[in-house]
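First comes the structure, then the notes that go with it.
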Amino acid sequence: MNKIIELIGAPTTFGQKKLGVDLGPDAIRYAGVLPRLKRIGHEVIDAGNVEAPTVDIEKFMSQQEGLQNYEEILTFSKSLKDKVSESIRQGHFPVILGGDHSLAIGSISGVAEHYDDLGIIWYDAHGDLNVPEESPSGNMHGMPLRILAGEGDEKFVQLGGFAPKVKPENIVLIGMRDLDFGEREYIKKHQIRTYTMADIDERGIRSVIEESIAYLKDKTDGVHLSLDVDALDPNETPGTGTKVLGGLTYRESHYALELLNQSDMITSMDIVEVNPLLDVENRTAQQAVALLGSFFGETLL
33 MNKIIELIGA PTTFGQKKLG VDLGPDAIRY AGVLPRLKRI GHEVIDAGNV EAPTVDIEKF
93 MSQQEGLQNY EEILTFSKSL KDKVSESIRQ GHFPVILGGD HSLAIGSISG VAEHYDDLGI
153 IWYDAHGDLN VPEESPSGNM HGMPLRILAG EGDEKFVQLG GFAPKVKPEN IVLIGMRDLD
213 FGEREYIKKH QIRTYTMADI DERGIRSVIE ESIAYLKDKT DGVHLSLDVD ALDPNETPGT
273 GTKVLGGLTY RESHYALELL NQSDMITSMD IVEVNPLLDV ENRTAQQAVA LLGSFFGETL
333 L
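The opening position of the sequence shown corresponds to residue 33 in the working numbering, with each subsequent residue numbered one higher.
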């Protein structure tokens with residue numbers, strides 16, 4: 033990769049109800065992401081954090097009517113969209129450090145301004161394909177991918193003045209093991225390419241990644257990788273808020289990212305849901321840094 037890597041912190045916690053995920057970007061920095069990527073041989077810029085609205089603890093912890101923290105997420109999504117779009121305009125490779133997964137509304141909206149046929153690889157335990165009327169919690173970290181595909185609250189869907197940001201047929205889901213009923217129906221209706229943990233167990237991560245690459249390569253002009261650390265098993269990767277047992281191993285994830293790097297297909301990425309308040313000795317942030325190292329070409333020898 034010849035592009036300058038631009039690290040963009042997205043310290044948002046508004047898409048869910050557990051304090052601490054807004055500290056994720058700085059936890060990843062503290063774990064050494066900048067020197068590690070430079071040591072591999074890349075030119076890296078740390079653009080700092082996109083400013084997030086102030087957290088009103090009483091409001092944040094209460095259950096609001098409808099979508100939770102609506103205005104805060106909308107404001108932040110607009111700011112992040114502009115920051116990511118400018119990064120790509122400058123010819124950089126944006127890496128967005130999260131932050132809860134609602135940040136993908138803004139990050140991928142910014143990416144989509146530069147591609148006609150964007151693809152998305154959603155590496156996650158969850159589909160994040162809910163719509164407000166089907167969401168039991170109203171938490172927006174469970175909705176970004178459906179919004180990006182053109183369904184959901186209209187202000188979010190039309191962020192940037194266009195929709196959809198991605199066609200359903202240009203989405204690949206990897207690591208699925210917790211899907212709500214409406215998400216399952218949406219996946220079946222649109223025949224979204226989905227790899228559950230059962231598929232990965234049966235066929236292996238190499239086959240899954242190679243099929244994903246082949247599926248997207250000829251019909252997209254850019255591919256965004258959105259990596260939620262809850263895709264990994266929480267016994268290995270504890271510092272995240274929506275844990276689901278039976279996930280991908282740390283080693284499988286390293287190999288997946290090595291293969292995606294070799295494909296030369298990924299044009300932007302985010303790594304999300306790192307919550308140091310739920311972590312053990314910053315282990316999850318350290319793993320996030322190591323996974324980024326694998327994606328950007330780090331090898332043992």
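For each residue, glycine too, the CB sits at the ideal point set by N, CA and C. Here the structure is a predicted model, which is why all the values come from computation and not from measurement.
Taking C-beta separations shorter than 6 Å and ignoring five residues to either side along the sequence, the partners of Ile120 in its chain run His146, following chain order. In the three-state scheme derived from DSSP, where H, G and I count as helix and E and B as strand, Val87 is classed as coil.
Here Asn293 carries a helix assignment [DSSP, helix/strand/coil]. Look at Asn202 here: in three-state DSSP terms it is helix. For Ile219 and Thr226, the gap between their C-alpha atoms comes out near 8 Å. For Tyr155, the three-state secondary structure derived from DSSP is strand. Segment contact: the region 306-318 against the region 45-54, three or more CB-CB distances shorter than 8 Å; contact assigned. Of all C-beta pairs linking the region 135-151 to the region 179-199, three or more are shorter than 8 Å, placing the two stretches in contact.
By the criterion of a C-beta distance shorter than 6 Å, Met301 is surrounded in its chain by Val127 and Leu257, once the five residues flanking it on both sides are discounted. For Gln190, same chain residues with a beta-carbon under 7 Å away, outside a window of 5 residues either side, do not exist. Per DSSP, reduced to three states, the secondary structure at His173 is helical. In the three-state scheme derived from DSSP, where H, G and I count as helix and E and B as strand, Pro126 is classed as strand.
In this structure, the straight-line span from the alpha carbon of Pro196 to that of Asp148 is close to 11 Å.
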